[in-house]
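Residue numbers (the working numbering): 267 to 1283.
Quick notes on the structure that follows.
In structure tokens:
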């Protein structure tokens, strides 16, 4: 059986200890050949790091389980089970049943069995293992490699979608085939169409002790409390101890490992469910708020929710005072509440109180509702009503918003006795939060339209969407016994009837008959409304209908609505409320803004490396800045959060690196090791705040981030100098403000400007006379734009014979940078922006999808490696060209001289297999890589010699075709075995477990399997 050793930490990994749960005996690890020795449980951090490493290296396998079917298996341990490797691009289908959970194992035992075909999800049961002609299910490593190959073809390939051939049973190779749709995903993270991308493996004998984590995808719309509840249910059902939670981002392939106490807090579920109000009332698109929160690590999410809704112990006495000031009408005091605000109490925020999420605004509305509706009018205290209004205005000015509890008061007006808000308070609420899309006319029954601007505007909005039948229904309800028993004033009822008449409601015989029937049981002495008897009331209604034209509210309704809107606008302005509806959410969602404001957690090895750059890109380029968080909730999320995407930042960094190498080569500047480490980071940081703040403030804000994040990792003086250079990037080169800069700051500024402006050609295009360094040629970029050192820029010449050595080196590298831009940004359906005589992508017959590549740079967990791969591929293309190896797009493959007997071609068909066979000299510098395409003579003798050796090797050996997936028939062929042996692959016979649907897991027949060996000399 094929067994992987894994990481030592997992040889003793056990779930988290739980003092309330009896330990469960281990049922074995990932092998069936010998028992696993029990060792002490590892620490929490050991578990975290081991799971992170397993996810990163493709050794974490997950499976959806359902207790009913899984429990019997875990008890019997008999049938092989399918698992899916957790990898970037893995399918993320929604669960089919609520009782299904996803668990993870590490270093799984893979079972070799045959499948129906390479793309099949289902195993071939029944036939003997040595008989089927179908393809062999690979081992764990082979599956990971195959998935990497698919991702390369789907997301990164810049060639026409050719295969690289295939080894046949007769020892011959089939020619490469053009498969236009096999790996053509409409979205760069969509791999649902091709099952091998699923990386499905078959595992033998896994038990409860092998389950190492509970697994969820990172972009789930489930609440964290619900996830923790499901995790607990899974643990209880399987009778296992608490598991770590792995939060996996299938778009990027990155993972986060959390433990229960890092996520859970007392009111987590209550707080999360209270956020539903933003979807229902604030009209935020479905799951947008959750999607925004998912841009944060899950632990950061819970920290933000905890800080945003729980009251710190030190502030509890202040909050108690504030609660008393808004709950008791006798204690209303705007002055005292304002004093609490001045002391630092955030009176606008929501908080958990007595088992619910509420706010001071909610409490004030409830208090006023009770006072206004329960207190006899003759006993009302004007001072209390006025003070309540002032307290309400203070809360609204502070940014308070109602929670579901506060909105329920408005929702139930008119349907619960006579309950309604005082008109002055309703006006303020309407000015701040209208329209109330949940309101009906019944909610407004007890609000007099003649004295309430908010009532008029909302009544108008509701009636405008009603048809005649609905208006007639509203008229019948307005005159119903239920309405009259609420004892509305005659003035209120009259204003409502006149408004309905204006919109087309008709007091016809049907309505009058309905009113008479409703009131038929009433005695003649009974007063229906004010002093009107039943007969008097009906007569009053008829008179109002006949004389409606004499009433201003009927005749001039639109004028009244316009005046009401103007009054509400003035009131809103007096409350300092923003016009943009979602902007008023900022105080309430300040916890989210604060979470996005926190600095990134940089790795221990801070510097110009993959780990640091990935953290910076994730924090500043792959999500909005804190200034843009609230505004972004009102729109669909963009494909990339920065117009200057991650690929732009990485190319700019690349420009800076080779430009620094060039400046040192010609002794224009000499950079210290710390400067060489920090300056590339400054190039990436200079765009950190772009599009988040005003354009004039972008560089200043980016410099602040730069200093904040890297303080303690580099000398303070060096950070200050580079930050000053970032700030001065907003000025045009040669600005007077730069005359007083120190020599070192000026040097950093030169490099920053050059690096960033060089990449402007992604949008400006490449002119025919690129790079146009002569001062007489005003092209973009020219020497002035690039801010070249003065003594070097002034020597620029247009004629080749008069160009200095520095200019030749610079122009060749700039051409290389332009080539890189074209490969990564060319849109497949748009004309090229490369206007040079020999456009790069046309020279090499490339068909890149720039949009897809740009999006993938915003997703990949290896941004630096990916950028370096593109740079090296450009070098490989030139080396192959010198060896006479062409880009082949000929279906017959005559032009690439394909030899099916030897399995070689002299053509490049793809980058994932063919081009990768070309070797780049190990000692080749970045500057040389950028220059190689356009002026190889500038390279060092050692590099030229290494390139020549590789050219000769390629001329002799060509490009090998791919042996592809191997069928049983191919493995059994002596001709094919000989070819595989020449390529370092032996075909051996091994006993492998085989599952049969007839007799179960009982056979271990010998089957042929490929095994890598040392290639013979």
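Think of the CB as a built atom: it goes at the ideal place given N, C-alpha and C, for glycine as much as any other residue.
For this session: Compare the Cα-Cα distances from residue 907 to each of 498, 743, 891, 794 and report the closest residue.
Result: Of the listed residues, the one whose Cα sits closest to residue 907 is 891.
Problem set entry | Residue from 741, 700, 755 with nearest C-alpha to residue 713 | Among 741, 700, 755, the Cα nearest to that of residue 713 is on 755.
For this session: Pull up the distance between the alpha-carbon of residue 1215 and that of residue 1197, whole angstroms please.
Result: Going by the C-alpha atoms only, they are around 19 Å apart.
Exercise. Are the Cβ atoms of residue 898 and residue 1121 separated by less than 9 Å?
Worked result: Going by C-beta atoms, residue 898 is not nearer than 9 Å to residue 1121.
Exercise. If we ignore side chains and look at the alpha-carbon of each, how far apart do residue 1034 and residue 1100 end up?
Worked result: Between residue 1034 and residue 1100, the C-alpha separation is close to 8 Å.
Exercise. Are the CB atoms of residue 1053 and residue 1111 nearer to each other than 9 Å?
Worked result: Pairing residue 1053 with residue 1111 gives a Cβ-Cβ distance that is not under 9 Å.
Exercise. Taking Cβ positions, are residue 851 and residue 662 nearer each other than 9 Å?
Worked result: Using a Cβ distance threshold of 9 Å, residue 851 and residue 662 do not count as a contacting pair.
Exercise. Does DSSP put residue 1074 in a helix, a strand or coil?
Worked result: In the three-state DSSP reduction, residue 1074 falls in the helix class (H, G or I).
Exercise. For residue 615, does the three-state DSSP call read helix, strand or coil?
Worked result: Here residue 615 sits in coil by DSSP.
For this session: With DSSP collapsed to three states, give me the class of residue 298.
Result: Here the model assigns residue 298 a pLDDT of 29, short of 50, so the residue's position is not dependable, and the following value carries that caveat. Coil at residue 298, not helix or strand.
Exercise. In angstroms, rounded to a whole number, what distance separates the CA positions of residue 1287 and residue 659?
Worked result: Residue 1287 is absent from the structure shown; the chain starts at 267 and stops at 1283.
For this session: Please classify residue 515: does DSSP put it in a helix, a strand, or coil?
Result: Note: residue 515 maps to strand in three-state DSSP.
Problem set entry | Under the three-state DSSP convention, the category residue 1033 falls into | Reduced to three states, the DSSP call for residue 1033 is coil.
For this session: Using the Cα positions of residue 632 and residue 1023, report the straight-line distance between them to the nearest angstrom.
Result: Going by the C-alpha atoms only, they are around 59 Å apart.
Exercise. Does the beta-carbon of residue 812 have 16 or more other beta-carbons within 10 angstroms, so that it is buried, or is it exposed?
Worked result: Label assigned to residue 812: exposed.
For this session: Check each candidate in 718, 777, 674, 715 and name the one with the smallest Cα separation from residue 704.
Result: Of all alpha-carbon atoms in 718, 777, 674, 715, the one lying nearest the alpha-carbon of residue 704 is that of 674.
Exercise. If you pair each beta-carbon of the segment 1005 to 1019 with each one of the segment 977 to 990, do three or more pairs fall below 8 Å?
Worked result: Pairwise C-beta distances place the segment 1005 to 1019 in contact with the segment 977 to 990, as three or more of them are shorter than 8 Å.
Exercise. So is residue 509 buried or exposed if we call it buried at 16+ other beta carbons inside 10 Å?
Worked result: Taking all protein chains shown into account, residue 509 has 16 or more neighbouring C-beta atoms within 10 Å of its C-beta and is therefore buried.
For this session: Return helix, strand or coil for residue 439, following the three-state DSSP convention.
Result: Residue state, collapsed to three classes: strand.
For this session: Below 6 Å CB to CB, which residues in the same chain sit around residue 459 once its five sequence neighbours on both sides are set aside?
Result: Reliability of the predicted coordinates at residue 459 is poor, the pLDDT of 32 falling under 50, and no value is obtained from them.
Exercise. What's the C-alpha gap between residue 1037 and residue 321?
Worked result: Cα-Cα distance, rounded: 45 Å.
Exercise. When the distance is taken between beta carbons, is residue 1184 closer than 9 Å to residue 1146?
Worked result: Closer than 9 Å, so yes.
Exercise. Should residue 1223 and residue 437 be called a contact, given that it needs their Cβ atoms to be closer than 9 Å?
Worked result: No; because the gap between Cβ atoms is not below 9 Å, this pair is not in contact.
Problem set entry | Whether residue 854 touches residue 577 by CB criterion (9 Å) | When the beta-carbon positions are compared, residue 854 and residue 577 stay at least 9 Å from each other.
For this session: Measure the alpha-carbon distance for residue 979 versus residue 868 and round it to whole angstroms.
Result: Rounded to whole angstroms, residue 979 to residue 868 spans 10 Å at the Cα level.
For this session: For residue 599, collect the residues of the same chain with a Cβ closer than 8 Å to its Cβ; drop the 5 residues on either side in sequence, then sort them by chain order.
Result: Contacts found: 591, 653, 657.
Exercise. Going by the beta-carbon positions, is the gap between residue 763 and residue 808 smaller than 9 Å?
Worked result: Cβ atoms of residue 763 and residue 808: not closer than 9 Å.
Problem set entry | Residue range of the unbroken alpha helix (DSSP H) whose run includes residue 316 | First-last of the alpha helix (DSSP H) with residue 316: 310 to 322.
Problem set entry | Of the residues 1144, 1165, 1212, the one placed nearest residue 1182, counting alpha carbons only | Among 1144, 1165, 1212, the Cα nearest to that of residue 1182 belongs to 1144.
Problem set entry | CA nearest to the CA of residue 539, picked from 489, 1205, 1083 | Checked all of 489, 1205, 1083; the closest Cα to residue 539 is 489.
For this session: Would you mind sorting residue 1227 into buried or exposed? The rule is 16 or more other CB atoms within 10 Å of its CB.
Result: So residue 1227 counts as buried.
Problem set entry | Whole-Å CB distance - residue 975 paired with residue 844, under 8 Å assumed | Not quite, the Cβ-Cβ distance comes to about 31 Å (not below 8 Å), so this is no contact.
Exercise. Residue 736 to residue 697, Cα distance in whole Å?
Worked result: Straight-line measurement puts the Cα of residue 697 at about 27 Å from the Cα of residue 736.
Exercise. With DSSP run on the structure shown, which of helix, strand or coil describes residue 348?
Worked result: The DSSP-derived three-state label of residue 348 is strand.
Problem set entry | residue 350 versus residue 325 - alpha carbon distance | C-alpha separation (whole angstroms): 10 Å.
Exercise. Considering residue 367, what are the terminal residues of the beta strand (DSSP E) in which it resides?
Worked result: Here the beta strand (DSSP E) through residue 367 covers 366 to 372.
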